[in-house]
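J.:
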Amino acid sequence: MIKKQIFFVFLLVTTSFYLHTAEKTDINPHIEKLQNSSKKNNSDTQNEVSQDEISDDDFLEDEEETPQVEDPWEGFNRAMFAFNDAFLTYFMKPLAIGYSYIIPRFLRQGIANVFQNAYMPIRFVNSLLQAKWSKALRATGRFTINTTVGVGGLWDPAKIWFGMEPVDEDTGQTLGVWGFGYGIPIHWAFLGPSSTRDTFGFVGDLLLKPQTYIVPLLMPDKPLQASAITIGIFFFESMNRLSLNPYEYDELKKDAPDPYIFFRDIYLQNREERVKR
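Residue numbers (numbering that gives the first Met the number 0): 0 to 276.
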């Protein structure tokens with residue numbers, strides 16, 4: 000029985016298929032910054048700039064904008080990035096595109112909304128752990144309104160009608176608020192970019208997701224079947240989310256001189272900013 004439980008946990012932790020990264024990385028605010036930095040570097044090589052036009056403040060500003068990242072596991076991380084890149088490109092994306100031809104977008108968006116609504120415990124618990132009482136109250140209010148009026152969270156009347164913005168808190172952010180640095184970058188197979196801190200945070204979030212404990216509770220005598228159903232739910236959620244914008248990854252990657260560094264830095268910058276706010 001113990002071996003089966005260990006096997007269940009192992010399968011559960013290793014099969015979220017990019018969902019972890021998708022949930023935690025709103026990369027759009029950081030793309031323009033990195034792209035502008037890249038354009039600036041290209042422009043500097045194409046145009047002559049006199050020495051007296053460059054001040055020491057410019058150098059200091061550039062250093063602050065592009066901090067050095069210690070990446071002692073870079074070899075491992077690059078191997079995992081290459082694996083994930085192939086997995087996403089040749090398996091997940093074609094599957095998501097085929098799925099999008101069958102299921103209309105409004106329904107796929109509604110399904111994504113339902114999952115987000117169901118993950119209220121992550122936002123509520125971590126708001127409490129960070130002593131952000133107003134966010135905990137808002138997370139509860141949004142969940143109540145969207146579950147009832149929003150028909151299980153299919154749409155977001157809490158925001159549309161009452162102006163209640165979504166709450167963005169998770170276990171990794173809580174650890175950051177408590178003073179834990181991100182540690183070192185880690186790129187996990189299937190999960191994508193992370194860090195030592197966010198790896199522990201991911202496990203905490205996983206334990207707060209309803210399907211992690213509801214399915215095993217409903218099938219206490221069938222742990223393997225319960226694990227298969229739970230993994231299937233995570234897989235379906237990930238594919239559904241990817242189907243909403245299956246080409247975004249390719250669009251971002253095509254202009255990146257080093258895609259691994261690009262996605263690593265976007266992830267770390269985003270996570271550090273979320274901890275600070």
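Heads up, the beta-carbon is just placed ideally off N, CA and C, and yes, glycines get one too. Being a predicted model, the structure only gives us computed values, none of them experimental.
In chain order, what residues of the same chain lie with their CB nearer than 7 Å to the CB of N145, ignoring the 5 residues before and after it?
T.: Taking the sequence shown and counting its residues from 1, the one referred to as residue 145 is at position 146. Excluding residues within five positions, the ones whose Cβ falls inside 7 Å are N116, G152, D155, P156, A157.
J.: Taking Cβ positions, are P184 and N76 nearer each other than 8 Å?
T.: On the sequence shown, residue 184 is found 185 positions in, with the first residue counted as 1. On the sequence shown, residue 76 is found 77 positions in, with the first residue counted as 1. Yes, the pair counts as a contact, with Cβ atoms nearer than the cut-off.
J.: To which residues does DSSP link W177 through a beta bridge?
T.: On the sequence shown, residue 177 is found 178 positions in, with the first residue counted as 1. According to DSSP, which records beta bridges pairwise, W177 is partnered with nothing at all.
J.: If you check the beta carbons only, do G200 and D167 fall under 8 Å apart?
T.: By 1-based counting over the sequence shown, the position of residue 200 is 201. By 1-based counting over the sequence shown, the position of residue 167 is 168. Against a cut-off of 8 Å, the Cβ pair of D167 and G200 comes out as no contact.
J.: Is the beta carbon of N239 closer than 8 Å to that of I110?
T.: In the sequence shown, the residue the question calls residue 110 occupies position 111. In the sequence shown, the residue the question calls residue 239 occupies position 240. Yes; because the gap between Cβ atoms is below 8 Å, this pair is in contact.
J.: I need the DSSP call for I102, collapsed to helix, strand or coil.
T.: Here residue 102 refers to the residue found at position 103 of the sequence shown. Three-state DSSP puts I102 in coil, outside helix and strand.
J.: Within 10 Å of its beta-carbon, does E236 have 16 or more other beta-carbons around it, so buried, or fewer, so exposed?
T.: Against the sequence shown, residue 236 aligns to sequence position 237. When all chains shown are included, E236 counts as buried.
J.: Compute the distance between the beta-carbons of N83 and G180, then report whether it is under 8 Å.
T.: Sequence index remark: in the sequence shown, residue 83 carries index 84 (1-based). Sequence index remark: in the sequence shown, residue 180 carries index 181 (1-based). Not in contact: N83 and G180 (Cβ atoms no closer than 8 Å).
J.: For V148, which residues from the same chain have a beta carbon less than 7 Å from its beta carbon, with the 5 sequence-adjacent residues on both sides left out?
T.: Taking the sequence shown and counting its residues from 1, one reaches residue 148 at position 149. Closer than 7 Å at Cβ, skipping near neighbours: P156.
J.: Can you list, in chain order, the residues of its chain with a C-beta nearer than 8 Å to that of M163? Leave out the 5 residues immediately preceding and following it.
T.: Residue 163 sits at position 164 when you count from the first residue of the sequence shown. Closer than 8 Å at Cβ, skipping near neighbours: R137, G140, R141, I144, A157.
J.: Assign P256 to one of three DSSP states: helix, strand, or coil.
T.: By one-based count along the sequence shown, residue 256 stands at place 257. P256 falls in the coil class under three-state DSSP.
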